[in-house]
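S.K.: One structure coming up, written as structure tokens, with questions to follow.
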Amino acid sequence: MGACLAICSLASCASCLCGGASCLLCSCCPSTKNSVVTRLTYGIFLLLGTIISCIMIAPGIEAQLKKIPGFCEGGASIPFLQGKVNCDVIVGYKSVYRMCFGLAGFFFLFTLIMIQVKSSKDPRGRLQNGFWFFKFLALVGITVGAFFIPDGTFTTVWFYFGVVGAFCFILIQLLLLIDFAHSWNQAWVQNMEDGNSKCWFIALLICTVLNYLLAIAAVTVLYIFYTQPDDCTANKVFISLNLIFCIIVSVVSILPKIQEAQPHSGLLQASVITLYTMYVTWSAMTNEPERKCNPSLLSIVQQTTSNTTVAPPSNSVVQWWDAQSVVGLVIFLLCVLYASIRSSNNAQVNKLMMTEESESSKGNFAVPPEDGLHRAVDNEQDAVTYSYSFFHFCLFLASLYIMMTLTNWYRPTSDYSAVQSAWSAVWVKISSSWIGLLLYLWTLVAPLVLSNRDFS
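Note that the sequence shown covers residues 101 to 556 in the working numbering.
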């Protein structure tokens, strides 16, 4: 805990005591929007919590955690259950749950406080964009207090909160991905129309083909290593269904009527959604309880490089770090960064994400003021450019997603003697991929279905 608090102290010193977002800019930074700096700072809070959670499950931390009174005392009894807790198996698991409980509690508190804030002139707007030192102290206090929560049924109950929250955040990731795909295609098509169309067309074609090739390779690998000729029926169904759905949305994206209603619609967006769907499918396969249908990455690599058969790991061995966890964290960090700086022209996604660029937020903030100081310019005096409450709710869900990702979606067994994968994690990820495909399909067909609305 000392090392964790030391990291917290350094981060606190890096910010100002109780000023607004403008004091967070260094002299080398250009003047920018207050709304962007604020969201990035909250994102840094979440990133700091993620780093500390990673430290908590690193080798050698167990001995320090066992010194916390009542946290793990060599097999403490669980009320209403017979047997002892296997602390050597789940001590890191429990610490991540408590760390993320503190993060989630902090952001959920701000979700309630910031309901219906309409502009930065609201007194709560100053709390949103300032008082960073005191907010950081509140975050540290909630997190430290979480480590003294009695075991009881906390871990089990919080696991189900984590499953639901992580599912919702995966949907938000999909919304951000859809928004990014539309913005990317629109920007490149616009560049192609403005000049040097041949180069931009080739770049567009290369990226589209590359995404589809990677998706085809992913499907092939999933069929080879995550299915058996006479078993793993669920995996076969999931892979096949998602492949069919991706083909459908790809075809719909280039239909003449869709192209007429959505001139910027194309295969680039569909290829991005297809590739991400294959990732979610693979991520779901890695949580399958049946070990023969869920080989480890190490066994796959060894099978491709030698003829030796690798015995599957025991269910009682917790593998904290695997390929899907690393990829999941990278995608999570990119989504949080994109959510902090996004300024989308896609009206449908803006409504779903509760963000909208107001007239007051538009303009050039790259030029510093006359006094030469670099400041975060308040662009929300007339109206906020994003929902403060919804933004904190997204970070609340992100905290739960981090918790489930770092623990590989494991849950305790009935006697708390080990942890294991759960079918609930598989269904959460697969169903989220289906909902994501439906959302993308809706952004394509909405102008045709709701012809009386302006989707420009």
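Idealized CB from N, CA, C, for every residue including glycine.
1. What is the residue span of the alpha helix (DSSP H) that Ile215 lies within?
2. For Asp279, does the three-state DSSP call read helix, strand or coil?
3. Checking the sheet assignment: what are the DSSP bridge partners for Tyr312?
4. At 4 residues or longer, and completely inside the region 319-369: list those alpha helix (DSSP H) runs for me, N to C.
5. Can the beta-carbon of Tyr376 be found closer than 9 Å to that of Gly202?
6. Under three-state DSSP, which class holds Tyr197?
7. Report yes if the C-beta distance between Met206 and Leu239 is below 9 Å; otherwise report no.
8. Can you give me the C-alpha to C-alpha distance between Lys529 and Ala281, rounded to a whole angstrom?
9. Just list the residues that DSSP pairs Tyr488 with in beta bridges.
10. In three-state DSSP terms, what is Gly230?
11. If you measure between the beta carbons of Phe432 and Ile373, is that distance less than 9 Å?
12. Are the C-beta of Gln216 and some C-beta of chain B separated by less than 9 Å?
13. Just to confirm the assignment, what range does the alpha helix (DSSP H) spanning Asn134 have?
14. I'd like to know whether the C-beta atoms of Val380 and Ser524 end up nearer to each other than 9 Å.
15. Leu541 and Val352 look like a contact to me (Cβ under 8 Å); what is the Cβ gap, rounded to whole Å?
16. Please classify Cys435 as buried or exposed, where buried requires at least 16 neighbouring CB atoms within 10 angstroms.
17. Below 8 Å on the Cβ atoms is my contact criterion, and I expect Ile354 with Leu539 to pass it. Report the Cβ-Cβ distance as a whole number of Å.
18. Alpha helix (DSSP H) containing Thr507: first to last residue?
19. Per the contact definition of three or more C-beta pairs closer than 8 Å, is the region 385-392 in contact with the region 298-310?
20. Thinking Val526 and Ala317 are a contact (beta carbons under 8 Å), I'd like their distance in whole angstroms, please.
21. In whole angstroms, what separates the C-alpha of Ile339 from that of Leu314?
22. Just confirm the distance between the C-beta atoms of Tyr312 and Ser371, as a whole number of angstroms; I'd bet it's less than 8 Å.
23. Got a sec? Which residues, its chain only, sit under 7 Å from Ser219 by beta carbon, not counting five neighbours each side?
24. Taking the continuous alpha helix (DSSP H) assigned at Gly295, which residues delimit it?
25. Can you name, in chain order, every residue of its own chain whose Cβ lies under 6 Å from the Cβ of Pro395, other than the five neighbours on each side?
26. Can you tell me whether Ile502 is helix, strand or coil according to DSSP?
27. For Phe206, which three-state DSSP category applies?
28. Gln286 to Thr138, Cα distance in whole Å?
29. Grouping DSSP H, G and I as helix and E and B as strand, with all else coil, what is Ser524?
30. Between the beta-carbon of Thr141 and the beta-carbon of Trp232, is there less than 9 Å?
31. Comparing C-alpha positions only, which one of Phe493, Val430, Leu147, Leu322 sits nearest to Val337?
32. Taking the alpha-carbon positions, what's the Asn335 to Ile344 distance?
33. Taking the alpha-carbon positions, what's the Val185 to Ala246 distance?
34. To the nearest angstrom, how far is it from the Cα of Gln362 to the Cα of Glu293?
M.R.: A quick look at the data gives this:
1. Counting along the chain, Ile215 falls outside any alpha helix (DSSP H), and DSSP gives it neither H nor E.
2. helix
3. None, per the DSSP bridge assignment.
4. 333-352, 356-361
5. no
6. helix
7. Sequence inspection shows Phe at residue 206; the Met mentioned does not correspond to that position. In this structure, Leu239 lies closer than 9 Å to Phe206 by Cβ.
8. 21 Å
9. DSSP lists no partner for Tyr488.
10. strand
11. no
12. The chain inventory of the structure shown lacks chain B, comprising one protein chain alone.
13. 134-156
14. no
15. 6 Å
16. buried
17. Going by Cβ atoms, the distance from Ile354 to Leu539 rounds to 19 Å, so no, they are not a contact pair.
18. No alpha helix (DSSP H) contains Thr507, which DSSP labels as neither H nor E.
19. no
20. Contact flag wrong, Cβ pair sits at about 22 Å.
21. 15 Å
22. 5 Å
23. Gly225, Glu480, Gln481, Asp482, Ala483, Val484
24. Segment: none, Gly295 is in no alpha helix (DSSP H) and carries neither H nor E.
25. Phe325
26. helix
27. helix
28. 27 Å
29. helix
30. yes
31. Leu322
32. 14 Å
33. Confidence at Val185 is low in this model, with a pLDDT of 43, below 50, so the placement of that residue should be treated as unreliable; the coordinate-derived value is given next. Cα to Cα, Val185 sits roughly 19 Å from Ala246.
34. 16 Å
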